[in-house]
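Asks:
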Amino acid sequence: HAGYSYSGPAAGYAYKCIQPDLFKRVFILGPSHHVYLPGCALSRCVKYLTPLGDLTIDQKVNKELEETGEFEFMSQDTDESEHSIEMHLPYVYKVFEHHLVDRGVTIVPILVGALTESTERKFGKLLAPYFNDPENLFIVSSDFCHWGQRFHYTYYADASGSVTPSLALASGGGSGSSSRKAISPTTPKIFESIETLDREGMATIERQSHADFCKYLARTKNTICGRHPIGVLMAAMEAAAAAAANNNHNNNNNKASTLTRTRFVHYAQSSSVLSTADSSVSYASAFVQRQDPL
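Using UniProt numbering, read the sequence shown as starting at 1 and increasing by one per residue.
1) Could you tell me whether the Cβ atoms of A286 and T260 are closer together than 9 angstroms?
2) Consider the Cβ of A203: report whether some Cβ of chain D lies at a distance smaller than 9 angstroms.
3) Determine the direct distance from the alpha carbon of Y6 to that of T264, and round the result to whole angstroms.
4) Report the option in G30, S272, D58 and D54 whose CA atom is closest to the CA atom of E192.
5) Mapping DSSP to helix, strand and coil, what is N136?
6) Using DSSP with H/G/I as helix, E/B as strand and the rest coil, what is E72?
7) Measuring CB to CB, does F276 end up less than 9 angstroms from S160?
8) Report yes if the CB atom of P90 is closer than 9 angstroms to the CB atom of P134, and no otherwise.
9) State the CB to CB distance for the pair D158 and C225, rounded to an integer number of angstroms; the pair is presumed to be in contact (CB under 8 angstroms).
10) State the DSSP-derived secondary structure class of K94, mapped to helix, strand or coil.
11) So, at 6 angstroms on beta carbons, what are the nonlocal neighbours of D198 in its own chain, with the 5 sequence-adjacent residues on each side left out?
12) Residue range of the alpha helix (DSSP H) that K60 falls in?
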């Protein structure tokens, strides 16, 4: 959800995977950048206006989520200031432009706050029934690694795979970062190290283990700004699969539960960092595909 000139191509790879005629409702989960939010928040708006046309917010689903007692509402200022959801609206409109009227496609924007692993599971469980509906599409907004001193993240994965704060490798006379000299490791180069960190996280997401993704974040501290929306979606997928398995058991159905597969289709960096004086942001796009049981 960076500027379109940076993250736009990566987003396009994911949107290209959507089959718009299959869906009637689009959930858009984005991280909160401007306000502290301990949970998740809904929009009070009736419509979002985009340069291409209007998108209607699903008031029925908003009411259902409100009635759980777990969701709050964004203020108008927060709603208008937050870019993580806004950046996706033109894509959604363009993908569904021929279905907004005939299929009545609506959207459900959800702003996701600074959740813990357990609250990610809580909100994932609340959203699982909607995830299990094949007419619902879930979109998660996130950039990947924000690397550099300006992001307060300079971790480095060396050739052995060991992850350490790269500034600890720099020499300097004092303890402050301003006294440290910029360094340019070559085995691997910093941008290669960043990709190693990112691809480990991407592989963990593809394995669809919410707990493993949380462990990865705790170990690497990777600055994936949409980590909480990603966590909520992964938790929803696990809760939906568990509910389907339980339903099959209760109905004496030997069929496997409906499964999903997650695959990343594109990865990019805003620049190739060579020195600790540089910075970059990574972008990755993926799809989650429903797979019918055999």
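All residues carry an ideal CB built from backbone N, CA and C; glycine is no exception.
Replies: Let me spell this out:
1) In the sequence shown, residue 286 corresponds to position 286, counting from 1. In the sequence shown, residue 260 corresponds to position 260, counting from 1. No; because the gap between Cβ atoms is not below 9 angstroms, this pair is not in contact.
2) Here chain D cannot be found, since the structure has a single protein chain.
3) Within the sequence shown, numbered from 1, the residue matching residue 264 stands at position 264. Within the sequence shown, numbered from 1, the residue matching residue 6 stands at position 6. Per the sequence shown, the amino acid found at residue 264 is Phe instead of Thr. Their backbone Cα atoms lie some 18 angstroms apart in a straight line.
4) Along the sequence shown, one-based indexing puts residue 192 at 192. Answer by Cα proximity: S272.
5) Against the sequence shown, residue 136 aligns to sequence position 136. It is a strand residue.
6) Position 72 of the sequence shown, counted from the start, is the residue given in the question as residue 72. Reduced to three states, the DSSP call for E72 is strand.
7) Numbered from 1 along the sequence shown, position 276 holds the residue referred to as residue 276. Numbered from 1 along the sequence shown, position 160 holds the residue referred to as residue 160. Reading off the sequence shown, one finds Thr at residue 276, where the question assumed Phe. Result no, Cβ atoms of T276 and S160 do not sit closer than 9 angstroms.
8) Numbered from 1 along the sequence shown, position 90 holds the residue referred to as residue 90. Numbered from 1 along the sequence shown, position 134 holds the residue referred to as residue 134. It is not a contact, given that the beta carbons lie outside the stated cut-off.
9) For the purposes of this step, residue 158 is identified with residue 158 of the sequence shown, where counting begins at 1. For the purposes of this step, residue 225 is identified with residue 225 of the sequence shown, where counting begins at 1. 25 angstroms between Cβ atoms; not a contact.
10) In the sequence shown, residue 94 corresponds to position 94, counting from 1. Three-state DSSP puts K94 in a helix.
11) The residue labelled residue 198 in the question sits at position 198 within the sequence shown. The residues are F144, C145 and S282.
12) In the sequence shown, residue 60 corresponds to position 60, counting from 1. Counting along the chain, the alpha helix (DSSP H) containing K60 begins and ends at Q59 to E66.
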